[in-house]
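All residue numbers for the sequence shown refer to the numbering used here, where the first residue is 14 and numbers rise by one.
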Amino acid sequence: MCKTTTQSNPTVADLSRKVYTACSKGGGGKTVFIRIFDEKRMMDLTSSFLDGEIFPELESFFNELDATDGIPQAAKEILKTYSFKVIYEDRASTEAERQKFGVMDFPVYLESTEGPTALTNSEAEELLESHKLPGLTYTFLIKLENGQEELKHEPADVYGSLKAFLGDSSKIGIGIPGNFLDNDQTLCRKIAIVLIDRLIANPDIALSIRRKMFVAILKHEIGHMFGLTHEQNTIMHGSYQVGPLITNPTYTNFQLKIISLALTKLSNN
Ligand SMILES: [Zn+2]
Numbered sequence: 014m015c016k017t018t019t020q021s022n023p024t025v026a027d028l029s030r031k032v033y034t035a036c037s038k039g040g041g042g043k044t045v046f047i048r049i050f051d052e053k054r055m056m057d058l059t060s061s062f063l064d065g066e067i068f069p070e071l072e073s074f075f076n077e078l079d080a081t082d083g084i085p086q087a088a089k090e091i092l093k094t095y096s097f098k099v100i101y102e103d104r105a106s107t108e109a110e111r112q113k114f115g116v117m118d119f120p121v122y123l124e125s126t127e128g129p130t131a132l133t134n135s136e137a138e139e140l141l142e143s144h145k146l147p148g149l150t151y152t153f154l155i156k157l158e159n160g161q162e163e164l165k166h167e168p169a170d171v172y173g174s175l176k177a178f179l180g181d182s183s184k185i186g187i188g189i190p191g192n193f194l195d196n197d198q199t200l201c202r203k204i205a206i207v208l209i210d211r212l213i214a215n216p217d218i219a220l221s222i223r224r225k226m227f228v229a230i231l232k233h234e235i236g237h238m239f240g241l242t243h244e245q246n247t248i249m250h251g252s253y254q255v256g257p258l259i260t261n262p263t264y265t266n267f268q269l270k271i272i273s274l275a276l277t278k279l280s281n282n
């Protein structure tokens, strides 16, 4: 989530603040739907730096993850069985859609913080509530300890992170996973918000670099939706520094393992 989650120490109040029922069962479905909603037509403003279509590129990227160089065999076998669809809509999601979002739905909102249609804090919070995001979730990391791979988790205060994100103009996106790997629990709500105007308007980043940044930020936030936490000098780098984001065009092997674990857990849920 793009406020370092290690700084969040959720309290009992956070835990009990928002607890929702589980979302629809996965039933073994193997298609992941990345649903991009652009109610404010933010994509119309990106023509200055977008060269070619970005969403088909993103879809291919996810569909080719199983062919990543050096990917662990087990993750490869799992990822091979999934397909990814990126669906762009120049409208808001409807209440009926949000009600029906299930384990394989990854809603991403393109938003703006400037002008009359700026996303306010309360609107952002309502958006999360309407997706039934719990108050507390976890992000995951695989670490090597004494040569053994250990799956670690970190708690994340969902609504606190949202507020910190909106208030920090250096942050461009936030991605929030459900707690799908830990404690055998079934909450699988997830969401990403990308404040694309913060990238469009940033004069410090050359136009040619902004496209790469946009793609990288989508991969980063969708990575969070799979439960990935920040890791320096990977695509999950903890800040929007151009270097680490665009020089790491894909997930690391450990991150791919977590994505494959999350997918397995979600589709069998
Ligand atoms: Zn992040």
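Yeah, the Cβ is synthetic: ideal placement off N, Cα and C, and Gly gets one too.
In this structure, F97 keeps its C-beta atom at 8 Å or more from the C-beta atom of R48.
Look at the beta carbons and you see the stretch 236-244 not touching the stretch 50-58: under three pairs across the two are nearer than 8 Å.
Only exposed fits S252, as fewer than 16 other CB atoms lie within 10 angstroms of its CB. Beta-bridge annotation (DSSP): I100 is paired with R48.
Cβ contact annotation for L208 (same chain, cutoff 6 Å, sequence separation greater than five): E124, T126 and I185, in chain order. Proximity to D79 across K93, P69, T59 and F68 peaks at K93, based on C-alpha coordinates. In the DSSP annotation of this structure, Y122 is not part of any alpha helix (DSSP H); the continuous beta strand (DSSP E) holding it starts and ends at D118 to E124. Going by DSSP, Q86 is part of the alpha helix (DSSP H) stretching over Q86 to K93. Taking the C-beta atoms as reference points, K225 is found no nearer than 8 Å to I187.
Remark: C-beta atoms of V228 and I67 approach each other more closely than 8 Å. Distance between N159 and H250, taken at the CA atoms: about 24 Å. The stretch 152-167 makes no contact with the stretch 83-91: fewer than 3 CB pairs, one atom from each, lie closer than 8 Å. Looking at G41, T263, F193 and H166, the one whose alpha-carbon comes closest to that of L146 is F193. Bridge partners of A205 according to DSSP: V121 and G188. Residue pairing by DSSP places L157 opposite E162 in a beta bridge. Across the set F178, D103 and T277, the C-alpha of F178 shows the shortest separation from the C-alpha of R211. Counting the other CB atoms within 10 Å of its CB gives A131 a total below 16, which places it among the exposed residues. For the 8 Å CB-CB criterion, G128 and N281 do not form a contact. Here D181 carries a coil assignment [DSSP, helix/strand/coil]. The residue among K232, S221, K113 and D181 with its C-alpha nearest the C-alpha of I272 is K232. Pairing N215 with G41, the inter-Cα distance amounts to about 42 Å. A169 is bridged by DSSP to T150. Following the DSSP letters along the chain, one finds I259 inside the alpha helix (DSSP H) bounded by residues V255 to T260. Bounds of the alpha helix (DSSP H) holding G236 are L220 to M238.
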